[in-house]
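Undergrad:
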Amino acid sequence: MSEAFQLAIDPYILCLPNPCNSLEEIESFVDTLLGWSSTLQQKNSNILISDAARIALLEDGEYPHQHRLRDLMRIHKCEVADPETVGRLTQSLLDRTPSLEAFYGVNSILIDPAKSSIMPDAFFKRLKDNTRNALIEMLVIVSAEQNADCSHIEKHIFLATSDDLIDKDNDLTEIECVSELHDWQWLTEPLHDLPTMPATIEGKLPLVFSHYSFLHQLGIWHVWNNASDEQAAIDAINLCIEEIVNTGATGISKINFRLGTYFLESVRAQSFGSRSDYARVLIESCARITLDIPKNPVKPFRESANSMRQKRRHDGALAFRTHLTKKGVGFRLMLWKLSDGTIEFANVGCKGELVIL
């Protein structure tokens with residue numbers, strides 16, 4: 106995932122429901138954390154939680170909550186995950202390096218809580234005092250960075266939060282912050298100019314509620330990220346699958362898929378990593394094959410030009426091929442179908458070099 110994308114963490118995600126009166130409440134807490142597990146596993150993900158939020162969660166008694174979590178899950182018979190898994194996810198969020206402040210080169214800031222507000226104010230009211238201030242400080246830092254805009258690089262910053270404030274009459278897409286800033290201390294040298302203080306800082310941040318909500322905000326091309334790593338490619342294909350399904354296609358079912366050892370290497374070699382038009386064709390072709398509605402016919406890959414026998418791998422997987430582009434070079438996608446039905450996307454090649462890897 107490109108460094109142009111940052112994901113700031115709403116500390117509320119880490120707050121156990123208190124009081125917790127139902128299975129639905131504890132399941133919502135657990136589901137939110139589990140929903141971000143894929144993002145946490147991204148090698149290059151810029152997931153940022155502030156040092157101020159870590160300290161505030163401790164001061165407000167919101168963390169650690171391992172024993173309380175175990176008791177709540179037992180009392181309400183919550184079986185969506187075990188407490189140890191949820192605890193590890195929580196700790197992995199808190200242990201992110203660098204912190205939000207360090208990522209932006211900030212040592213500390215001073216704001217006037219009496220002249221600070223968040224809209225919708227429900228984000229503010231659901232937190233205890235110290236954690237409220239920590240959330241405002243985090244939003245002020247991010248807003249100041251957005252307003253500075255000194256890098257000439259388009260940056261996308263999102264707030265990861267829970268979806269418990271959303272209902273059918275409330276299409277929540279962003280959070281707004283207004284605060285009076287009185288002091289700003291850099292870790293080392295200043296990274297951009299600051300307004301004369303005291304200064305009013307205003308900003309808006311788009312909201313994302315899950316890993317796939319985040320991917321949808323980024324879009325397939327940015328998720329693909331030049332085929333830089335396997336998880337980015339898998340996420341892009343899965344996102345395209347979801348888009349196809351959401352168009353209302355009927356009578357389809359998803360087939361498990363994986364990427365072959367040489368898939369990304371061949372993709373980049375044939376410019377399907379860096380060219381958005383090529384990439385979109387490849388991603389959609391993979392997605393439609395996994396839904397068994399291929400864009401072009403998927404045909405057996407023969408042992409040779411003069412043979413009618415389909416190529417078979419040592420593990421019994423059968424070889425197939427399909428067109429990606431028919432004009433110009435004429436690229437093809439090669440794939441294996443394993444005995445359990447899983448599809449393995451093998452490699453991309455041009456028509457004159459019909460090889461499956």
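FYI, the numbering for the sequence shown is 106 to 462, going by the working numbering. Think of the CB as a built atom: it goes at the ideal place given N, C-alpha and C, for glycine as much as any other residue.
Can you find at least 3 beta carbon pairs, one from the segment 404–420 and one from the segment 362–381, that sit closer than 8 Å?
TA: Not touching, per the Cβ criterion.
Undergrad: Verify whether the separation of the beta carbon atoms of Glu-92 and Ile-246 is less than 8 Å.
TA: Here the chain covers residues 106 to 462 and nothing more, so residue 92 does not appear.
Undergrad: Identify the residues that DSSP records as bridge partners of Phe-450: which are they?
TA: Phe-450 is bridged to Leu-364 and Leu-440.
Undergrad: Put Val-371 into one of helix, strand or coil per three-state DSSP.
TA: The amino acid occupying residue 371 in the given sequence is Ser; Val does not appear at that position. Helix.
Undergrad: Arg-414 by DSSP, collapsed to three states: which one?
TA: Note: Arg-414 maps to coil in three-state DSSP.
Undergrad: Which whole runs of the alpha helix (DSSP H) in the segment 180–225 are 4 residues long or more, in chain order?
TA: Here the runs fully enclosed are 188–199 and 205–208.
Undergrad: Touching or not, the segment 351–367 and the segment 423–433, by the rule of three or more beta carbon pairs under 8 Å?
TA: Judged by Cβ distances under 8 Å, the segment 351–367 makes no contact with the segment 423–433, as fewer than three pairs qualify.
Undergrad: Give the single residue among Leu-344, Arg-173, Leu-153 and Arg-179 whose Cα lies nearest to the Cα of Thr-202.
TA: Measuring from the Cα of Thr-202, the nearest candidate turns out to be Leu-153.
Undergrad: From the DSSP output, in three-state form, read off Val-460 for me.
TA: In the structure shown, Val-460 sits in coil (DSSP, three-state: anything other than H, G, I, E or B).
Undergrad: Which residue from Pro-311, Leu-438, Ile-214 and Val-313 puts its Cα closest to that of Leu-299?
TA: Leu-299 has its Cα closest to that of Ile-214, out of Pro-311, Leu-438, Ile-214 and Val-313.
Undergrad: Let me check one thing: in DSSP terms, what residues is Asp-288 bridge-paired to?
TA: According to DSSP, which records beta bridges pairwise, Asp-288 is partnered with Leu-215.
Undergrad: If you draw a straight line from the C-alpha of Glu-132 to the C-alpha of Thr-236, how long is it?
TA: Spanning the two alpha carbons is a distance of roughly 22 Å.
Undergrad: Apart from the five residues just before and just after Glu-307, which ones in its own chain have a Cβ nearer than 6 Å to its Cβ?
TA: Counting only Cβ-Cβ distances below 6 Å, and skipping sequence neighbours, we find Val-283.
Undergrad: What's the call for Gly-324, buried or exposed, on a 16-neighbour Cβ count within 10 Å?
TA: The residue is exposed, with fewer than 16 neighbouring Cβ atoms inside 10 Å.
Undergrad: Quick one: Cα of Glu-129 to Cα of Tyr-117, how far?
TA: If I take the Cα positions, the gap works out to 17 Å.
Undergrad: With DSSP as the reference, please indicate the residues paired to Val-313 in a beta bridge.
TA: Looking at the DSSP assignment, Val-313 forms a beta bridge with Ala-265.
Undergrad: Using the C-alpha atoms, what's the distance from Ser-315 back to Asp-268?
TA: Roughly 9 Å separates the two Cα atoms.
Undergrad: Enumerate in chain order the residues of its own chain whose CB-to-CB distance from Leu-112 is below 6 Å, with the five nearest sequence positions on each side excluded.
TA: Closer than 6 Å at the Cβ level, and outside the excluded window around Leu-112, lie Ile-152, Phe-263 and Ala-265.
Undergrad: Specify the secondary structure class of Ala-422 as computed by DSSP and reduced to three states.
TA: Reduced to three states, the DSSP call for Ala-422 is coil.
Undergrad: Taking 8 Å as the cut-off, decide whether the C-beta atoms of Arg-393 and Pro-402 are in contact.
TA: For Arg-393 and Pro-402, no; Cβs fall outside 8 Å.
Undergrad: Less than 7 Å between C-beta atoms, sequence neighbours within five positions excluded: which residues of the same chain meet that for His-168?
TA: First, the residue type needs correcting, since residue 168 is Tyr and not His in the sequence shown. Counting only Cβ-Cβ distances below 7 Å, and skipping sequence neighbours, we find Leu-119 and Leu-162.
Undergrad: Taking Cβ positions, are Gly-210 and Leu-277 nearer each other than 8 Å?
TA: Contact flag unset, no.
Undergrad: Cα-Cα, which of Asn-343, Thr-293, Trp-289 and Leu-310 is closest to Thr-301?
TA: Of the candidates Asn-343, Thr-293, Trp-289 and Leu-310, the one whose C-alpha sits nearest the C-alpha of Thr-301 is Trp-289.
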